[in-house]
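**Q** First the structure, then my questions, so here it is.
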């Protein structure tokens, strides 16, 4: 038994002739190591834990689904499986981490959708579970653990400059109050171009209805907005509906840019310009960093990726 | 050691006093069985294998993402994990089955998107891997293995009868040539209502562009269609675009129904009526049947579920 084990795990310990004989037998018997037996010895399960989020049906749908696919695909290339679980809350997700980790059903964890007051990183750090976050630690020390994120501010800055280039001066931003990331890119671009932001800094929740009503207020103002940079595609699609109701043409009259290049962005007419996150690249970094932590390199790593503006009819004058 | 093992796995073998003492120690030590050690003994890994499909960006997006979430959620309720992998083809998926099964990384497999000449069931049957298919075995003996499917014909029949009820007589069907399931429901409903199908039985691929051009031909015909039942939402969204270009109003002038209640169906104006598959119920049956196979009940089971017509503006006259 030990000889066979050595042939697989430490072939240099065997005499060449013995090794050849064992390998021939392995070939003949079509032997494949049992993952459970191997796990007991190597302490690796060959699986990465990840929480699946419910598909978003609000119009900005598809981003987390694309991320899950990219993560699963990268994990597979690395020879790992992606062990998916659902959870009803952060606390519920932590009870799953606890079971997976105690049973060593996974070697490490990927968390996504990080947010303010997120209890998950604390728990994972405290229990010394190897993990990487997709999303920075909002409101916390950025150096605490590994994370990969997309530079939202760079995306909205590009979107704002693009609308200004199309001749718009009154460019509004629509989004939730927090996080500030995407809004800050718009604000900085407007200031850099010496354009006023007063009366253009608007709040909207991530929904078509909320985007539509915020746009309504901005269009009915004394000095109406002619450009809209939106935190999400759902908000931007709401803006497009309001333009429609006001008899305004998206693109020709008013420029609109969303964020996340969702299914909806390609579906609506005249096509919604949108900022696209490089999810494949993010997933590749996340798996690479997680595997380096499993190999005992424990220094946290941080990667910020630049998103890309995809221009469609909603922001083009001609 | 044997006593502790019995306390967990066969408590009835222990005297009550011994059992109490062991359980107290387990409590005190916060003992959790190592999954690898448990797998070696029970031969169960606690995981179900499933292939993640790339998110569909064509407008009928979201169905397989919703199914994956439902499957993961049901597996969790049953105490199992969902081991996700990507694959580039059926053959590639089979190489993954081979590895997962030989290593016993999963206890069973769920396959989805079954189709004509699907090599996966044959391989799984031949290697005696417990599995359940989401989708019937197209073109093969229905009794060979367990599957859960949605009655597409019942869905399109409901959609056709709904359009006829709204006053439409020239109701067309648009879809790919195979499988015949959804088309057959339309044909039967039209025949049952003694309405002609001639010139209304049209082919379209699963895309907005293909749906748009098929609708164009049907609207320009001598006796144009005023109702459209479509194999997918992407095709139906294409029909809506053509109506728009012809100055026809969806709902008031022409009735349109899609299939799969995708993100797009809720996004387009005036809302696309669509047939919704009960994916949660399907996932629950699949996990239940798979677990029964793991528990050695090997008789194949087949479940056909009835979909539900969701009526929105695109098919309502008022």
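Protein chains in written order, with our numbering: chain E, 228 to 545; chain C, 228 to 545. Note that beta-carbon positions come from the ideal geometry of N, C-alpha and C, so glycine has one too. From a predicted model like this one, the values you see are computed outputs, not experimental measurements.
1) Using a Cβ cut-off of 8 Å, pull out every chain C residue sitting near residue 508 of chain E, in sequence order please.
2) Based on Cα-Cα distance, which residue from C:466, C:514 and C:396 lies nearest to residue 402 of chain C?
3) Buried or exposed: where does residue 202 of chain E fall if 16 or more other Cβ atoms within 10 Å of its Cβ makes it buried?
4) Buried or exposed: which applies to residue 344 of chain C, given that a residue is buried once 16 or more other Cβ atoms fall within 10 Å of its Cβ?
5) Closer than 7 Å, Cβ to Cβ, to anything on chain C: give me those residues from the segment 454 to 469 of chain E, in chain order.
6) Any idea what DSSP makes of residue 280 of chain C, helix, strand or coil?
7) Compile a chain-ordered list of the residues in the segment 286 to 315 of chain C whose CB is closer than 7 Å to at least one CB of chain E.
8) Kindly give me the distance between the Cβ atoms of residue 469 of chain C and residue 439 of chain C, rounded to whole angstroms, as I take these residues to be in contact under 8 Å.
9) Cutting at 6 Å between CB atoms, please list the residues of its own chain near residue 411 of chain E, excluding the five before and the five after it.
10) Quick check on this structure: which residue in E:537, E:301, E:409 and E:278 has the alpha carbon closest to the alpha carbon of residue 296 of chain C?
11) Look at the alpha carbon of residue 353 of chain C and the alpha carbon of residue 519 of chain C, and state the distance between them as a whole number of angstroms.
12) Along chain E, in chain order, which residues have C-beta atoms closer than 9 Å to that of residue 394 of chain C?
13) Would a C-beta distance cut-off of 8 Å place residue 358 of chain E and residue 351 of chain E closer than the cut-off?
14) Determine the contact status of residue 489 of chain E and residue 542 of chain E, defining contact as a CB-CB distance below 8 Å.
15) Does residue 279 of chain E come within less than 8 Å of chain C when only Cβ atoms are used?
16) With three or more C-beta pairs closer than 8 Å as the rule, is the segment 529 to 543 of chain E touching the segment 378 to 394 of chain E?
17) Could you pull out every residue in the same chain whose Cβ sits closer than 7 Å to the Cβ of residue 388 of chain C, ignoring the five residues on either side in sequence?
18) In whole angstroms, what is the alpha-carbon distance linking residue 375 of chain E and residue 526 of chain E?
19) Of the residues E:456, E:431 and E:347, which one's Cα is nearest the Cα of residue 395 of chain E?
20) Could you check if residue 276 of chain C is buried or exposed, using at least 16 other CB atoms within 10 Å of its CB as the buried criterion?
21) For a test of the three-state rule: what should DSSP assign to residue 455 of chain C, helix, strand or coil?
22) Check whether chain C comes within 8 Å of residue 217 of chain E, counting only Cβ atoms and requiring the distance to be less than that.
23) Check this for me: beta carbons of residue 397 of chain C and residue 451 of chain C, under 8 Å apart or not?
24) Which complete alpha helix (DSSP H) runs does the segment 362 to 422 of chain C hold, if anything under 4 residues is left out?
25) Tell me which same chain residues have a C-beta within less than 8 Å of the C-beta of residue 294 of chain E, skipping the five on either side of it?
26) Rounded to the nearest angstrom, what separates residue 334 of chain C and residue 243 of chain C at their Cα positions?
27) Which one of E:251, E:280 and E:289 has the shortest CA to CA distance from residue 486 of chain E?
28) Assuming residue 502 of chain C contacts residue 399 of chain C (C-beta within less than 8 Å), just tell me the rounded distance between them.
29) If the cut-off is 7 Å on Cβ atoms, which residues from the segment 323 to 351 of chain E count as contacting chain C, listed in chain order?
30) Could you tell me which residues DSSP puts in a beta bridge with residue 484 of chain E?
31) Nearest by alpha-carbon distance to residue 432 of chain C: which of C:291, C:446, C:419 and C:405 is it?
32) Give, in chain order, every unbroken run of the alpha helix (DSSP H) that is at least 4 residues long and sits entirely within the segment 312 to 349 of chain E.
33) I'd like to check one pair, residue 498 of chain C with residue 539 of chain C: are the Cβ atoms closer than 8 Å?
34) Give the DSSP bridge partners of residue 308 of chain E, in chain order.
35) Using a Cβ-Cβ distance cut-off of 8 Å, determine whether residue 494 of chain C contacts chain E.
**A** In brief:
1) Near residue 508 of chain E there are no residues of chain C at all, since even the closest Cβ is about 16 Å away, more than 8 Å.
2) C:466
3) The structure shown does not extend to residue 202 of chain E, since chain E is modelled only from 228 through 545, so no value can be given for it.
4) So residue 344 of chain C counts as exposed.
5) 464
6) coil
7) 286, 288, 289, 292, 293, 295, 296, 299, 300, 303, 308, 309, 310, 311, 312 and 313
8) 5 Å
9) If we look at residue 411 of chain E and ignore the five residues flanking it on each side, its Cβ neighbours are 380.
10) E:278
11) Roughly 19 Å between the two C-alpha positions.
12) Within chain E, no residue comes near residue 394 of chain C; the closest Cβ sits about 28 Å away, beyond 9 Å.
13) yes
14) no
15) yes
16) yes
17) So the list reads 416, once near-sequence residues are dropped.
18) 14 Å
19) E:456
20) buried
21) strand
22) Outside the shown range of chain E, which is 228 to 545, sits residue 217 of chain E, and nothing can be said about it.
23) yes
24) 379 to 392 and 408 to 419
25) 339, 361, 506, 509 and 510
26) 33 Å
27) E:289
28) So it is not a contact: roughly 16 Å between Cβ atoms.
29) 329, 330, 331 and 332
30) E:456 and E:500
31) Across the set C:291, C:446, C:419 and C:405, the C-alpha of C:405 shows the shortest separation from the C-alpha of residue 432 of chain C.
32) With a minimum length of 4 residues, the continuous alpha helix (DSSP H) runs that stay inside the segment 312 to 349 of chain E are 317 to 329.
33) The criterion of a C-beta distance shorter than 8 Å is satisfied by residue 539 of chain C and residue 498 of chain C.
34) E:274
35) yes
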